[in-house]
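Here the structure is laid out as C-alpha cells; the discussion comes afterwards.
Protein chains: 2
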Amino acid sequence: MSGDFFDALETRSTTERELDLFGRLPALIAHAQANAPGWAKQLQGVDAKTIVNRSALQTLPVLRKGQLKDLQSAAPPFGGLATRPVGQAPRLFMSPGPIFEPQPGHDDPWRVARALFAAGMRPGHVLQNCFGYHLTPGAWMVDEGARKLGCAVIPAGIGQTEQQLDVIRALKPDAYVGTPSFLRILIEKARELNIDISNLKNALCAAEALPPSLRQWFKEQGLERVLQWYGTAELGCVAYESEAQEGMIVDEHCLIEVVRPGTGDPVAVGEVGELVVTCFNNDYPMIRFGTGDLTAILAGPSPCGRTNVRIKGWMGRADQTTKIRGMFVHPEQVATIVKRHPEVRKARLVVSGEMANDSLTLHCEAVSSIDQDEPQAAALNARLVETIRDVTKLRGQVSLVAVNSLPNDGKVIDDQRKYD
Amino acid sequence: MSGDFFDALETRSTTERELDLFGRLPALIAHAQANAPGWAKQLQGVDAKTIVNRSALQTLPVLRKGQLKDLQSAAPPFGGLATRPVGQAPRLFMSPGPIFEPQPGHDDPWRVARALFAAGMRPGHVLQNCFGYHLTPGAWMVDEGARKLGCAVIPAGIGQTEQQLDVIRALKPDAYVGTPSFLRILIEKARELNIDISNLKNALCAAEALPPSLRQWFKEQGLERVLQWYGTAELGCVAYESEAQEGMIVDEHCLIEVVRPGTGDPVAVGEVGELVVTCFNNDYPMIRFGTGDLTAILAGPSPCGRTNVRIKGWMGRADQTTKIRGMFVHPEQVATIVKRHPEVRKARLVVSGEMANDSLTLHCEAVSSIDQDEPQAAALNARLVETIRDVTKLRGQVSLVAVNSLPNDGKVIDDQRKYD
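Protein chains in written order, with the numbering used here: chain R, 696 to 1115; chain E, 696 to 1115.
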C-alpha cells in the first residue's frame, strides 16, 4: 500500500499492464490444460504459447456460467475445472444452482483487499462483514481480503439486527461490508432504538444494485463513503469503485472483454454486452469465463488516477434464452443467424404477443448499402426468414433497421410477452 | 503429525510437560502484566518470575467467567485483558452475555487441530462444519484448526438441512463437526429423503452434552467415530476425547486445575469442582481463568498412549449463586465460612423449603477428632452459626457430617427449593 493506491500496479500504463497480463497468460493456459481435465477439453487444440494478445485470446471459446451445472454433474464436483484435489482446497462452497466452488489456496484468493482499500479501509480498521458465511463464498471473499489488508473482521452475517447493533455499539467498527438493503435495515433500526452508529464511516456494498438515491440517503445518514464492487462466485472480485465513483475499475489480475451475448465477439467501447473474464488464478483458473452479466466498457481513465479499464457495473443478465412455441431459443442461435449473413451487423430477436399466440421478429441492422437498395433488402429479408427457420425451427419475420438504431442494452433476445 | 499422535508433545512424560509449561509461565504472566492493563490489575503485586510451579500458580487469584461482563463494561471491549489493539485482531466476536472476544493472531489460535486429529481427521479430508459462523467464535475455532491440519472445510452453519444434504451428496465430506443434535437432524432427514451420507465416517461434537445412548445411535447409523471436545469462547479447546473414549485429554498448551467452587483451592483427584485454566496465548492470555464449568480429574493415563492429565468432561455449572430471603449467597461466601474454621474440610449449603419460607443448613465435613467429641462438636456448631450470620447476614443451621460423606458433585450451594 502506497499513499492513495493499494499498489503500484493500479497506476501503470496500459501497455505495461497488457504486456504483464499477456506475458503471464500462456503459462496460465498451459497450467489449466495440464492439470484440469475440464480445461484440457474446453481448450483442446489450443497452443498456449500463442495466446499472447487480445486477438489471440478472442479465438478461444467462451465458457459460460450457464454451462457449469452440466459440467459439474458430468464431472463432480467442479467439472474438471479445478487444478487441485477437492480436499486440498481450504474451503468448499455451494452457490445457488447448485454450483460448487473451491476456495483457491493462496492469500486473498478472490482479490478483495484492493476493493476494500479503494473504499477507504486501512490496516487496523474494524469491518462488520454482513454477508452470510454459510455455504456461499461472498462473505469469505471479504473476510480473506480483510486478512490481507490487515483489518479486523466481525463475522456478523445477515440478520440478527439488534444483536448486530449491540456489536456496533461495543466494537465500534469503522466500516460496513454487505448488501445495501441490510445496511438500510441496520441504520433504520439504529434510529428507531436511538443507537449511535456514527463510527461507521465507510461502506462497501455488493451482491445487489445500489441505486443513486439510496447511496445519497446513506450519505445523509452520516456515511462518508459508500462504494461497490462486482464479482462472481467463480472469479471473486472483477471490478471495484473508487472515490471517483465513475464506473468500476477492473482488478489488476483480471483480463476483461465485453462480447455480444451468445458469442465470443467483442462489442465496441460503450456498447452493452456480456462480461467475459480471464482471471489469473492457478487453483481454479477461469479463461474467457462468460459471467452472464451485462455491462459496457467506459472510455478513458478514472479521474482517481487508476489507469485500468473501467466497466459500468451490472446492467442485467445476458442469458436471454427463452421458449417460443415449445422450442428453446438461445442468444447463440441469433448469433449464428447473423454470422450467415455478412450484410447484417447486429440483430435483436423480439418476441411479442401472448404465450401460445406469439410472434417473432428479427430486427437487423444491415450495412447501409442494403439499406438504400430495396430489391437487395427484400432478397436479404427472404434469406433471413429462411435462416431463422433453419436455425430455430421457427417461422419468424424480419425487419431491417438503420445502423445504430437498435437499443444499446445488450439484449439479443427481447421477450416482450406478458406472463401474468 | 506422526503416526497415531498429532505431535510428540502428546506422549512426553508428565515431568517434561510440567517443566515445559511452568518454564514458559513466567514469561506469559510478565507479558500479560506489561501489555494488558486488566491483567496488570488482576495480578497486581505478583512477581512473574516466581510462578514456576503448581503451588506458586495456586497463589494467584482466579478470574471467573462471571466477572468478564463487568470488566468489559468498565474497560470496553475486552476488559483490558487483550494485549493488542482491537483492530489488530484478525476477527472479533460477541458471545451470549454479551461477552466480547478477540481472535488471537496466530495459526490455529484456539488449538483445535489436535482435537480434529484425535477424532480421525487427516490432511486432505473434507469437513462439514455445522457450527454457526456468525458473531460467536465456535465455528471459527474448528475452521482455523482445519486450516492448520490441512483439511478442506465446508462452512455450512446450522440449519438449511436439505441444502446441507445436497452439499454432502456433491462434496462427500469425510467428517461432521458440530452439535450432536444437528447431526441427528441431518441423519434423520437423510433417511427420510433416502440420501446416502455414508461417506461421513467421523464426527467431532461440542457445545452440548453427547449422551452415551446418542453416541451409540450415531454408530448404528454408520459413523465410525463420534468424539467430543471441550472449550470456551475465551480459551478455545481445553480438552478432547481420543479413540480411547475415557475422559477428555487436556490440550498440550493449557494448564488446568479443578478447584472448590468459589475458591482457588484445588480439590483432590476425582473430586468434582470448577475447571480453572491457564492458557498460553499471548494475544488474549488467560491466567487461572475460572470457566464456571464443573468437572473432575481422572486418575492415571489414557489407554490411547497420550500422557496428559484427563478430565471427565462437562458436569454442570459451578456458579451456584442463589438468592435467600432477598440476599444473594455466593459459593465464595461458603468458602469464606469454611476458611474461618480449620476444623471444617468441606461444606455444602443446602437451601430447602419454599420461597419465602426457606431454611438454610450448612452441612460440614469436620475433622474426625471433632466428629467423636460431642462438646467440641457443639461448640464448633455454634461458632459456625455465628459465622454464617456474619458472612451472609442470614440465620442458618449447621449439620456436622462424617468426612467424605458429602456428595461428589461440585455443589457448594445446593438449592433444593421448588420454583414451580
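For every residue, glycine included, the Cβ atom is placed at its ideal position computed from N, Cα and C.
As the structure is a prediction and not an experimental result, all values here were calculated from the model.
Of all alpha-carbon atoms in R:Lys-1041, R:Ser-876 and R:Leu-811, the one lying nearest the alpha-carbon of Arg-920 of chain R is that of R:Leu-811.
Distance between Gly-1105 of chain E and Gln-767 of chain E, taken at the CA atoms: about 28 Å. Note that the stretch 1052-1061 of chain E touches the stretch 1089-1106 of chain E; at least 3 beta-carbon pairs, one per stretch, sit closer than 8 Å. Of all alpha-carbon atoms in E:Arg-1001, E:Arg-712 and E:Arg-1040, the one lying nearest the alpha-carbon of Gln-940 of chain E is that of E:Arg-1001. Taking 8 Å as the upper bound on Cβ-Cβ separation, chain E lies near no residue of the stretch 720-739 of chain R.
Sequence-distant partners of Gly-815 of chain E (beyond 5 residues in either direction) whose C-beta falls short of 6 Å from its own C-beta, in its chain, are Asn-897 and Arg-920. Taking 7 Å as the upper bound on Cβ-Cβ separation, chain E lies near residues Pro-793 and Phe-795 of the stretch 791-813 of chain R.
Under the three-state reduction of DSSP output, Thr-927 of chain R falls in the strand class.
For Arg-1035 of chain E, the closest alpha carbon among the candidates E:Val-757, E:Asn-1076, E:Asn-1003 and E:Gly-926 is that of E:Asn-1076. Note on the stretch 934-1017 of chain E: whole beta strand (DSSP E) runs with a minimum of 3 residues are 943-945, 949-954, 968-974 and 981-990, in chain order. Per DSSP, the beta bridge partners of His-1058 of chain R are R:Arg-1043 and R:Ser-1094. In the DSSP assignment, Val-821 of chain R falls within the unbroken beta strand (DSSP E) covering 821-824. Judged by pairs of C-beta atoms under 8 Å, the stretch 943-958 of chain R does not touch the stretch 844-852 of chain R, as fewer than three such pairs exist.
Interface with chain R (7 Å Cβ-Cβ cutoff): Tyr-871 of chain E is excluded.
Counting along the chain, no alpha helix (DSSP H) covers Gly-1021 of chain E, and no H or E run does either. Between the C-alpha atoms of Ala-808 of chain E and Gly-840 of chain E there is a straight-line separation of about 4 Å. In the structure shown, Ala-777 of chain E adopts coil according to DSSP, grouped into three states. For Asn-897 of chain R, there is no enclosing alpha helix (DSSP H); the residue is found in the beta strand (DSSP E) stretching over 897-900.
About 18 Å separates the beta carbons of Tyr-871 of chain R and Tyr-828 of chain E, which is beyond the 8 Å limit, so they are not a contact pair. Shown in chain order are the members of the stretch 847-860 of chain E whose Cβ falls below 9 Å from a Cβ of chain R: Ala-847, Val-848, Ile-849, Pro-850, Ala-851, Gly-852, Ile-853, Gly-854, Gln-855, Gln-858 and Gln-859. Rounded to the nearest angstrom, the gap between the Cα atoms of Phe-773 of chain E and Val-1107 of chain E is 30 Å. Short of 8 Å from the beta carbon of Gln-923 of chain R, and not among the five residues preceding or following it, lie these beta carbons of its own chain, in chain order: Leu-899, Cys-900, Ala-901, Leu-905, Tyr-935, Glu-936, Met-943 and Gly-1008. When Cβ-Cβ separations below 7 Å define contact, Met-789 of chain E makes contact with chain R. Residues of chain E with a Cβ closer than 7 Å to the Cβ of Leu-878 of chain R do not exist, since the nearest Cβ in that chain sits about 17 Å away.
Taking 3 residues as the shortest admissible run, the stretch 711-790 of chain R contains the following complete beta strand (DSSP E) segments, listed from N- to C-terminal end: 787-790. With fewer than 16 other CB atoms across the displayed protein chains lying within 10 angstroms of its CB, Gln-1111 of chain R is exposed. The residues Val-921, in chain order, have a CB closer than 6 Å to that of Arg-910 of chain E in the same chain once the five nearest residues on each side in sequence are set aside. By a beta-carbon distance limit of 8 Å, Phe-826 of chain R does not contact Gly-819 of chain R. Their separation comes to about 22 Å.
Among the bridge pairs identified by DSSP, Glu-796 of chain E is matched with E:Phe-788. Taking all protein chains shown into account, Thr-754 of chain E has fewer than 16 neighbouring C-beta atoms within 10 Å of its C-beta and is therefore exposed. In the same chain as Val-1045 of chain R, and ignoring 5 residues on each side of it, the C-beta atoms closer than 7 Å to its own belong to Thr-1056, His-1058, Asp-1109 and Gln-1111, in chain order. The DSSP-derived three-state label of Asp-1053 of chain E is strand. Under the three-state reduction of DSSP, Leu-844 of chain R is assigned to helix. A direct Cα-Cα distance of roughly 24 Å separates Leu-930 of chain R from Ser-708 of chain R. Here Phe-975 of chain E is buried: its Cβ has 16 or more other Cβ atoms, across all protein chains shown, within 10 Å.
In the structure shown, Ile-892 of chain R adopts coil according to DSSP, grouped into three states.
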